[in-house]
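Following: one structure in structure tokens, then a few remarks.
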Amino acid sequence: NAGVTQTPKFRVLKTGQSMTLLCAQDMNHEYMYWYRQDPGMGLRLIHYSVGEGTTAKGEVPDGYNVSRLKKQNFLLGLESAAPSQTSVYFCASSWLRSYEQYFGPGTRLTVT
Amino acid sequence: AQKITQTQPGMFVQEKEAVTLDCTYDTSDQSYGLFWYKQPSSGEMIFLIYQGSYDEQNATEGRYSLNFQKARKSANLVISASQLGDSAMYFCAMREAVSNTGNQFYFGTGTSLTVIP
Numbered sequence: 089n090a091g092v093t094q095t096p097k098f099r100v101l102k103t104g105q106s107m108t109l110l111c112a113q114d115m116n117h118e119y120m121y122w123y124r125q126d127p128g129m130g131l132r133l134i135h136y137s138v139g140e141g142t143t144a145k146g147e148v149p150d151g152y153n154v155s156r157l158k159k160q161n162f163l164l165g166l167e168s169a170a171p172s173q174t175s176v177y178f179c180a181s182s183w184l185r186s187y188e189q190y191f192g193p194g195t196r197l198t199v200t
Numbered sequence: 400a401q402k403i404t405q406t407q408p409g410m411f412v413q414e415k416e417a418v419t420l421d422c423t424y425d426t427s428d429q430s431y432g433l434f435w436y437k438q439p440s441s442g443e444m445i446f447l448i449y450q451g452s453y454d455e456q457n458a459t460e461g462r463y464s465l466n467f468q469k470a471r472k473s474a475n476l477v478i479s480a481s482q483l484g485d486s487a488m489y490f491c492a493m494r495e496a497v498s499n500t501g502n503q504f505y506f507g508t509g510t511s512l513t514v515i516p
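For the record, the sequence lines run as chains X and Y.
For the first sequence, our numbering gives the first residue as 89, with consecutive numbering after it.
For the second sequence, our numbering gives the first residue as 400, with consecutive numbering after it.
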């Protein structure tokens, strides 16, 4: 099993450009999450999904959109990138809310 | 107010000694969960241990144990017999229920642990 994979691993964007980060899991998990990690701030939840076709806002959702059209995939979109979105983005999945989250390797995004 | 507070930015421990990493949390929910994750320098996040708010016994997983003091709202991680491979960032996290369909997860700012040979 690959677990949780993220595509791409690195990306550099110019301000105003758009992009989509792809997260895929092969563990049949119901829950999926997108976090960002900034220096000195720990991880912050952007959006999450409790199942196919459902999404919900996390702590810092502004500037991001998500979709979960298939159970195994969770997409994170940036419509108009800003330098403040420079961060490392982690995707995670879990069976249920009380179970441990399995994390992907992260995507390092730089917006210039 | 911070949901998760980790007051130790950096800690040092001698190999084979035990170390306690502090975590306090803030919630008004009765049902919540507490997690600890490890992040080595390679960057991946590794689950270590989980404690539910209704669990009466402290959680243990091998060399890891969670010292859960509900009244004090603390969930300290104890690592026994430290190994060089334990050198990493450690994050405390909390799941807080928002509605019947979802939750919020909050992470602390982390504690950097260095194990000295």
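For every residue, glycine included, the Cβ atom is placed at its ideal position computed from N, Cα and C.
Opposite residue i in the DSSP bridges: which residues?
| i | result |
| --- | --- |
| residue 460(Y) | 463(Y) |
| residue 179(X) | 122(X) |
| residue 197(X) | 99(X), 175(X) |
| residue 511(Y) | 409(Y), 488(Y) |
| residue 495(Y) | 431(Y), 503(Y) |
| residue 221(X) | In the structure as shown, chain X starts at 89 and stops at 200, and residue 221(X) therefore has no counterpart that could be examined. |
| residue 474(Y) | 467(Y) |
| residue 436(Y) | 446(Y), 490(Y) |
| residue 419(Y) | 477(Y) |
| residue 130(X) | 126(X) |
What residues in its chain sit with their C-beta under 7 angstroms from that of residue i, if we drop five residues either side in the sequence?
| i | result |
| --- | --- |
| residue 118(X) | 138, 139, 183, 184 |
| residue 437(Y) | 445, 447, 487, 489 |
| residue 194(X) | 94, 176, 177, 178 |
Mark residue i as exposed unless 16 or more other C-beta atoms lie within 10 angstroms of its C-beta, in which case mark it buried.
| i | result |
| --- | --- |
| residue 103(X) | exposed |
| residue 134(X) | buried |
| residue 475(Y) | buried |
| residue 512(Y) | buried |
| residue 506(Y) | buried |
| residue 411(Y) | exposed |
| residue 89(X) | exposed |
| residue 485(Y) | buried |
| residue 492(Y) | buried |
| residue 471(Y) | exposed |
| residue 116(X) | exposed |
Give every residue of the same chain whose Cβ lies closer than 8 angstroms to the Cβ of residue i, excluding the five residues on either side of it in the sequence, and list them in chain order.
| i | result |
| --- | --- |
| residue 500(Y) | Bear in mind that the predicted position of residue 500(Y) carries a pLDDT of just 49, short of 50, making it too unreliable to give a figure here. |
| residue 204(X) | This structure leaves residue 204(X) out entirely; chain X is present only between 89 and 200. |
| residue 141(X) | 156, 157 |
| residue 148(X) | 124, 132, 133, 134 |
| residue 464(Y) | 448, 457, 458, 476, 477, 479 |
Between residue i and the rest of its own chain, which residues show a CB-CB distance below 6 angstroms, the 5 nearest in sequence each way excluded?
| i | result |
| --- | --- |
| residue 98(X) | 196 |
| residue 420(Y) | 476, 489, 510 |
| residue 160(X) | 112, 113 |
| residue 168(X) | 104 |
| residue 425(Y) | 400, 402 |
| residue 428(Y) | 495, 496 |
| residue 108(X) | 163, 165 |
Of all the CB atoms in chain B, is at least one closer than 8 angstroms to the CB of residue i?
| i | result |
| --- | --- |
| residue 482(Y) | Protein chains in the displayed structure are X and Y, and chain B is not among them. |
* Which full runs of the alpha helix (DSSP H) of 4+ residues lie inside the segment 132 to 164 of chain X, going along the chain? -> none
* Of the residues that make up the segment 120 to 132 of chain X, which ones have a beta carbon closer than 9 angstroms to any beta carbon in chain Y? -> 121, 123, 125, 128, 129, 130, 131, 132
* Asked: Between the segment 132 to 152 of chain X and chain Y, which residues of the former have a C-beta closer than 8 angstroms to a C-beta of the latter?
  -> 132, 133, 136, 138, 142, 144, 146, 147
* Asked: What residues in the segment 158 to 190 of chain X bring their beta carbon closer than 9 angstroms to a beta carbon of chain Y?
  -> 176, 178, 180, 185, 186, 187, 188, 189, 190
* Asked: According to a CB-to-CB cut-off of less than 8 angstroms, which residues of the segment 448 to 461 of chain Y neighbour chain X?
  -> 449, 451
* **Selection of the segment 422 to 448 of chain Y by Cβ proximity to chain X, strictly under 7 angstroms** => 432, 434, 442, 443, 444, 446
* **Residues within the segment 90 to 122 of chain X neighbouring chain Y, beta-carbon criterion of under 9 angstroms** => 119, 121
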